[in-house]
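Quick notes on the structure that follows.
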Amino acid sequence: MALAVPPSALVSRFRADLDALVGEGDGRLGVAISGGPDSLALLLLAHAARPGGIAAATVDHRLRTESADEAAFVARVCAELDVPHATLADDAPITGNVQSGARALRYRLLGHWAEATGAGWLLTAHHRDDQVETLLMRLNRGAGVGGLAGVRATTVIDRAKVARPLLGWSREELAAVVAAAGLIPVQDPGNIDPRYDRARLRAQLADAGWIDRRGVARSAAALAEADAALEWMAERLLSECVTRAGDAFQLDTDGLPGELRRRLTLRILAGLAPGVAARGPELDRLLETLASGGSATLGGVKCVGGATWRFEAAPPRRS
7 MALAVPPSAL VSRFRADLDA LVGEGDGRLG VAISGGPDSL ALLLLAHAAR PGGIAAATVD
67 HRLRTESADE AAFVARVCAE LDVPHATLAD DAPITGNVQS GARALRYRLL GHWAEATGAG
127 WLLTAHHRDD QVETLLMRLN RGAGVGGLAG VRATTVIDRA KVARPLLGWS REELAAVVAA
187 AGLIPVQDPG NIDPRYDRAR LRAQLADAGW IDRRGVARSA AALAEADAAL EWMAERLLSE
247 CVTRAGDAFQ LDTDGLPGEL RRRLTLRILA GLAPGVAARG PELDRLLETL ASGGSATLGG
307 VKCVGGATWR FEAAPPRRS
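Residue 51 in the working numbering sits at position 45 of the sequence shown, with consecutive numbering throughout.
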């Protein structure tokens, strides 16, 4: 197959978006590609913007009978572009929530692959419409500032430095890039399966002409900046507001805004019990208890409220 190169204006636009995230160096970049329209567009644009500088990988979750053929299709496209490609799989079954389990496995495999192949960054095809859907889903679930920041332009997930250069691009723009190249992308039935929250929301948004997607995406970007500012502040307050008394940590909450109490508490919990992942209602209940002067135990950490909050490893239970 002879694949048409994306128009130079689009390649220049993509290159500017990519360089803003990962710099203008000539190091190898990894591209995560499923064969869907978004990731195919990412592959075509990245190949045109960084010729000879990318490698691609597809994760075969083996959840559908078509998945092996889809990975083989991606391999053929990459061969046509002369882009190194690997198909990644794991024999361990996905347990619990299928979508979240598949996501965790995907990033784990991609992170190891990126490291092995010498890719400094892993590019994923999240775009503006994904950002809108993510923000609205989290808003509906009562997320805080961190959750409402949506999909981050850059982040670190399970060993991989992840960059998302398409957050300013729409789903329609990416589909047009793929169509112009003469490719018929893979269509994941999960994207329209009403059993999944995102698929239901996507169907409803299709008829919501009143939503300004660019505006929502700008709000998500602003929230991401606010979240980064709060993280910056929390790191600097850590040495000022948190002291150690033997094996316990104390948090001086006098005049401390609630969101900063939350972030400092999470840091203390992570230090005492690295496996604790307190979030949402569970963390809210703990903070309310401590603010009222009460005490509670979370993840093996005894927490006592009052003017100064105290955290220490809970004594072992008597048998």
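In this text, a Cβ means the ideal position worked out from N, Cα and C, and glycines have one as well.
Measure the alpha-carbon distance for I60 versus L51 and round it to whole angstroms.
-> One-based indexing of the sequence shown puts residue 60 at position 54. One-based indexing of the sequence shown puts residue 51 at position 45. So the two alpha carbons sit approximately 11 Å from each other.
Compare the C-alpha of L296 against each of R206, W315 and P99 and name the closest.
-> The residue given as residue 296 occupies position 290 in the sequence shown. With distances taken between Cα atoms, L296 lies closest to W315.
Relative to the C-alpha of E241, which residue among R219, R267 and A228 is closest?
-> As a first step, residue 241 is located in the sequence shown; it is residue number 235 there, counting from the start. Closest by C-alpha distance to E241, out of R219, R267 and A228, is R267.
Within this structure, are the beta carbons of V11 and S40 separated by less than 9 Å?
-> On the sequence shown, position 5 is the one that residue 11 refers to. On the sequence shown, position 34 is the one that residue 40 refers to. Result no, Cβ atoms of V11 and S40 do not sit closer than 9 Å.
Hey, quick one: how far does the beta strand (DSSP E) through G36 stretch, first residue to last?
-> Position 30 of the sequence shown, counting from 1, holds the residue named residue 36. G36 -> beta strand (DSSP E) spans L35 to A38.
Sorted by chain position, which residues of the same chain lie with C-beta nearer than 7 Å to Y113's C-beta, five sequence neighbours on each side aside?
-> As a position in the sequence shown, residue 113 is number 107, starting the count at 1. The beta carbon of Y113 sits closer than 7 Å to the beta carbons of I163, D164 and A166 from its chain, once the five residues preceding and following it are set aside; these are given in chain order.
Does the beta-carbon of G158 have 16 or more other beta-carbons within 10 angstroms, so that it is buried, or is it exposed?
-> Numbered from its first residue, the sequence shown carries residue 158 at position 152. According to the sequence provided, residue 158 is Arg. The question's Gly does not apply to it. By the neighbour-count criterion, in which 16 or more other beta carbons inside 10 Å mark a residue as buried, R158 falls on the buried side.
Going by C-alpha distance, which of A47, R34, T93 and E76 is nearest A63?
-> As a position in the sequence shown, residue 63 is number 57, starting the count at 1. When only C-alpha atoms are compared, the closest one is T93.
Under the three-state reduction of DSSP, which class applies to Q193: helix, strand or coil?
-> Taking the first residue of the sequence shown as position 1, residue 193 is located at position 187. Coil.
Where W119 falls, given that 16 or more other Cβ within 10 Å makes a residue buried | Residue numbering aside, residue 119 sits at position 113 when the sequence shown is read from its first letter. Buried is the call here.
Quick one: give me the first and last residue of the alpha helix (DSSP H) that R208 is part of.
-> On the sequence shown, residue 208 is found 202 positions in, with the first residue counted as 1. D203 to L211 is the extent of the alpha helix (DSSP H) around R208.
Residues bridged to W119 (per DSSP) | Here residue 119 refers to the residue found at position 113 when the sequence shown is read from its first residue. Paired residue(s): none; W119 is not in a bridge.
Name the DSSP bridge partner or partners of I60?
-> For the purposes of this step, residue 60 is taken as residue 54 along the sequence shown, with counting starting at 1. The partner list for I60 (beta bridge, DSSP) reads L35.
Straight-line gap, D23 to R68 (C-alpha atoms, nearest Å) = Translated into the one-based positions of the sequence shown, residue 23 becomes position 17. Translated into the one-based positions of the sequence shown, residue 68 becomes position 62. Rounded to the nearest angstrom, the two C-alpha atoms are 33 Å apart.
Can you tell me whether DSSP reads W238 as helix, strand or coil?
-> As a working note, residue 238 is residue 232 in the sequence shown. Helix.
Taking one C-beta from the segment 133-145 and one from the segment 86-106 each time, how about it: are there three or more such pairs within less than 8 Å?
-> No, they do not touch.
Hey, quick one: how far does the alpha helix (DSSP H) through A74 stretch, first residue to last?
-> For the purposes of this step, residue 74 is taken as residue 68 along the sequence shown, with counting starting at 1. Note, A74: alpha helix (DSSP H), S73 to L87.
Taking one C-beta from the segment 182-193 and one from the segment 253-262 each time, how about it: are there three or more such pairs within less than 8 Å?
-> They do not touch, by the three-pair rule.
E237 versus A284 - alpha carbon distance = In the sequence shown, counting from the first residue as 1, residue 237 sits at position 231. In the sequence shown, counting from the first residue as 1, residue 284 sits at position 278. When the Cα atoms are used, E237 and A284 turn out to be separated by approximately 17 Å.
DSSP state of V184 mapped onto helix, strand, coil | Stepping through the sequence shown from its first residue, residue 184 is reached at position 178. Looking at V184 - three-state DSSP - the assignment turns out to be helix.
How is D258 classed by DSSP in three states: helix, strand or coil?
-> By one-based count along the sequence shown, residue 258 stands at place 252. Correct three-state label for D258: strand.
Close Cβ partners of D199 (< 6 Å) along its chain, the five nearest in sequence each way excluded | Residue mapping note: residue 199 aligns to position 193 of the sequence shown, counting from 1. In chain order, A205 place their CB closer than 6 Å to the CB of D199, counting only its own chain and leaving out the 5 sequence neighbours on each side.
Own chain, CB closer than 7 Å to D135, minus 5 neighbours either side, in chain order | Stepping through the sequence shown from its first residue, residue 135 is reached at position 129. Sequence-distant partners of D135 (beyond 5 residues in either direction) whose C-beta falls short of 7 Å from its own C-beta, in its chain, are S176, R177 and R219.
Rounded to the nearest angstrom, how far is the Cβ of A319 from that of G306, given a contact under 8 Å?
-> Locating residue 319 in the sequence shown gives position 313, counting from the first residue. Locating residue 306 in the sequence shown gives position 300, counting from the first residue. Yes, they are in contact, since the Cβ atoms of A319 and G306 sit about 6 Å apart, within 8 Å.
How about G264 and L293: are their beta carbons less than 9 Å apart?
-> Sequence index remark: in the sequence shown, residue 264 carries index 258 (1-based). Sequence index remark: in the sequence shown, residue 293 carries index 287 (1-based). Yes, the pair counts as a contact, with Cβ atoms nearer than the cut-off.
What span of residues does the alpha helix (DSSP H) with A166 cover, start to end?
-> Sequence index remark: in the sequence shown, residue 166 carries index 160 (1-based). Unbroken run through A166 is the beta strand (DSSP E), A166 to A169; no alpha helix (DSSP H).
Drop a sphere of 10 angstroms on the beta-carbon of L180, count the other beta-carbons inside from all chains shown, and report buried for 16 or more, exposed for fewer.
-> Indexing the sequence shown from 1 puts residue 180 at position 174. It is buried - the Cβ of L180 has at least 16 other Cβ atoms within 10 Å.
I274: first and last residue of the uninterrupted alpha helix (DSSP H) it sits in | Here the question's residue 274 lines up with position 268 in the sequence shown. I274: member of the alpha helix (DSSP H) spanning G264 to L278, first to last residue.
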